[in-house]
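To convert a position in the sequence shown, counted from 1, into my numbering, add 5.
What follows is a short report on a single structure.
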Amino acid sequence: MAGQSPRALESDPSIPSAVSSFVTNFYSIGDTPHANTEYSSCFTPQGVAIVMGKERKGQEEILAWRQTAWDFVVKRSHVPFKLYAKGPREVCVFGEVKMWFKDGTTDGDDFVAFMELEEVDGQLKMKRYEARGLK
6 MAGQSPRALE
16 SDPSIPSAVS
26 SFVTNFYSIG
36 DTPHANTEYS
46 SCFTPQGVAI
56 VMGKERKGQE
66 EILAWRQTAW
76 DFVVKRSHVP
86 FKLYAKGPRE
96 VCVFGEVKMW
106 FKDGTTDGDD
116 FVAFMELEEV
126 DGQLKMKRYE
136 ARGLK
């Protein structure tokens, strides 16, 4: 895993601060047990989440997946450290993740994610999210 201490989020200067804030908030929600509804609400109603090669479509399917996300995990920590602009509302995120499992083991990896965002009722939401570890 990359650096062992949290790093400040660095953003491409063309990325609006609202997008950087969305990214930080999204990973904070994802690291919070029982914040499943908040997590799925980060997506558009038809949003797509592809994590480690498995695709979930729509807020309901994303919520169902998130309701099992803590079955074997005690704690998780995502630290996004770099955002790159891919388009007006598209970013690539580089960061690191660490997980503590109920069996006492831990695991971690650097990750890369792609987010395609759109505004819905004045709020940023993800139309598409794709993430994978770099191991």
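The C-beta atom is built at its ideal place from N, Cα and C for all residues, glycine as well.
Next item on the list: Thinking Cys47 and Met104 are a contact (beta carbons under 8 Å), I'd like their distance in whole angstroms, please.
Entry: Rounded, the Cβ-Cβ distance is 20 Å, inconsistent with contact.
Next item on the list: With a threshold of 16 other CB atoms inside 10 Å of the CB of His83, please say whether the residue is buried or exposed.
Entry: buried
Next item on the list: Kindly provide the ranges of any alpha helix (DSSP H) runs that are 4 or more residues long and lie completely inside the segment 45-93, ordered along the chain.
Entry: 63-71
Check: Is any heavy atom in the ligand GDP found nearer than 7 Å to the beta carbon of Gln72?
Finding: Inclusion of the ligand GDP in the displayed structure is not the case, the ligand content being empty and no account of it being possible.
Note to self: Using the three-state DSSP reduction, which class does Ala136 fall into: helix, strand or coil?
What the structure shows: strand
Note to self: Let me check one thing: in DSSP terms, what residues is Lys103 bridge-paired to?
What the structure shows: Ser82 and Gly113
Note to self: I need the boundaries of the alpha helix (DSSP H) containing Ile20, first residue and last residue.
What the structure shows: Note, Ile20: premise wrong, no alpha helix (DSSP H); not H, not E.
Check: Whose C-alpha, out of Gly52, Thr37 and Phe116, is nearest the C-alpha of Leu129?
Finding: Gly52
Next item on the list: Could you pull out every residue in the same chain whose Cβ sits closer than 8 Å to the Cβ of Phe77, ignoring the five residues on either side in sequence?
Entry: Phe106, Lys107 and Asp108
Margin query: Below 8 Å, how does it come out for the segment 14-26 and the segment 88-101: are there three or more Cβ pairs, yes or no?
Written below: yes
Margin query: Using 8 Å as the threshold, is the C-beta distance between Glu95 and Ala118 below it?
Written below: no
Checklist line | Per DSSP, the bridge partner or partners of Leu122 | finding: Met131
Note to self: Which residues does DSSP list as the beta-bridge partners of Glu95?
What the structure shows: Gly92 and Glu121
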